[in-house]
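Trainee:
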Amino acid sequence: MMLLSTALFFPDYGSSGVPWDLLLLHFYFFAIAIPFLMIFNAARNSDRENPNRVKDETTRYPDLHPRA
1 MMLLSTALFF PDYGSSGVPW DLLLLHFYFF AIAIPFLMIF NAARNSDREN PNRVKDETTR
61 YPDLHPRA
């Protein structure tokens, strides 16, 4: 698993003459863009599954997804 994650975030371009900008762009895509899309889609699906959820105001940490 470590080898795969290292290859995804820090690919070895070697001495092929690839500019460092490509490395930074690669890091941006996997470290920022993909997690943002995953969180955005999870929030959108949550609203679609239970659009009328009620916020519990009686607790310090309100549960937006009650399982009653």
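Note that UniProt numbering gives residue 31 to position 31 of the sequence shown, counting from 1, and the numbers run on in steps of one.
C-beta atoms are modelled at their ideal positions from N, C-alpha and C, and glycine is treated no differently.
1) What residue from D21, F30, S15 and P19 has the CA that sits closest to A7's CA?
2) DSSP on F10, reduced to helix/strand/coil?
3) Measure the C-alpha to C-alpha separation of L37 and L3 and round it to an integer number of angstroms.
4) Taking the C-alpha atoms as reference points, what is the distance between residue 70 and I39?
Mentor: Let me spell this out:
1) Minimum Cα distance to A7 is reached at F30.
2) coil
3) A direct Cα-Cα distance of roughly 24 Å separates L37 from L3.
4) Absent from the model: residue 70. The displayed extent of the chain is 1 to 68, so no value can be given.
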